[in-house]
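>
Numbering (full-length UniProt numbering), first residue to last: 1 to 189.
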């Protein structure tokens, strides 16, 4: 009978140990389960935050691309406008320059013609003065031969000197004008 009692006690202890072990196993499983759920929850939260961040970044990238595209379009428009304006200004300046060159050429031709006419007038005047000097000299020589008075002779000499001075002045003036004409010709070429 003692053996039966011992066996019952052993069975009871065994059952108690199994219950304790089962309870410990259950508790461990619950803790593990709880930890797994917490890890899953944290992972889901991180995934949600990462998804939101990715979405925000994609939206930001899309906005930046649109802004970049808009700015590029504006830049190209401005560049075309500046290029068009530059071409217009260039054409306008070329036209104005062409007109200015024509005006200068016309004025140069007119000035050259005036110089030629002045040169001819001075040459004619110089020739006339030389003829007058020659005539006065001839008259003077004739009058000397006729023994003219000293006062008249002096007057004639003064006149001749004055005329020679005028001829010299006109010759110098004609030379200056000729140099101006030559200079104008060289500049036109």
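All C-beta atoms in this analysis are idealised placements derived from N, C-alpha and C, irrespective of residue type, glycine included.
This one's a predicted model, so the numbers in the text were calculated from it and none came from an experiment.
Determine, using beta-carbon pairs with one atom in the segment 130-138 and one in the segment 67-87, whether at least three such pairs fall under 8 angstroms.
Taking 8 angstroms as the limit for Cβ pairs, the verdict is that the segment 67-87 does not touch the segment 130-138.
> Could you say which of 18, 71, 182, 56 lies nearest to residue 115 if we only look at CA atoms?
Start at 1 with the first residue of the chain shown, and residue 115 comes out as number 115. The shortest Cα separation from residue 115 among 18, 71, 182, 56 belongs to 182.
> How big is the Cα-Cα spacing for residue 171 and residue 117?
Here the question's residue 171 lines up with position 171 in the chain shown. Here the question's residue 117 lines up with position 117 in the chain shown. The alpha-carbon atoms of residue 171 and residue 117 are separated by roughly 16 angstroms.
> Is it the case that the segment 150-160 contacts the segment 172-180, given that we only count it when at least three CB pairs across the two stretches are under 8 angstroms?
No: the two stretches stay apart, fewer than three of their Cβ pairs being nearer than 8 angstroms.
> Closer than 7 angstroms by C-beta to residue 3: which residues in its own chain qualify, once you throw out the five before and the five after it? Chain order, please.
Your numbering for residue 3 matches position 3 in the chain shown. Excluding positions up to five away in sequence, the list is empty.
> At 4 residues or longer, what runs of the alpha helix (DSSP H) sit wholly inside the segment 9-47?
DSSP runs (the alpha helix (DSSP H)) wholly in the segment 9-47: none.
> Using alpha carbons as the reference points, say which of 121, 162, 108, 109 lies closest to residue 133.
If you number the chain shown from 1, residue 133 lands on position 133. Looking at the Cα atoms, 162 is the closest of the given residues.
> Since residue 141 and residue 167 are thought to touch, with beta carbons under 8 angstroms apart, how far apart are those beta carbons, to the nearest angstrom?
As a working mapping, residue 141 is identified with position 141 in the chain shown. As a working mapping, residue 167 is identified with position 167 in the chain shown. Wrong, their Cβ atoms sit about 19 angstroms apart, outside the cutoff.
> Compute the Euclidean distance between the alpha carbons of residue 102 and residue 160, then round it to the nearest angstrom.
Working through the chain shown from its first residue, we reach residue 102 at position 102. Working through the chain shown from its first residue, we reach residue 160 at position 160. So the alpha carbons of these two residues sit roughly 49 angstroms apart.
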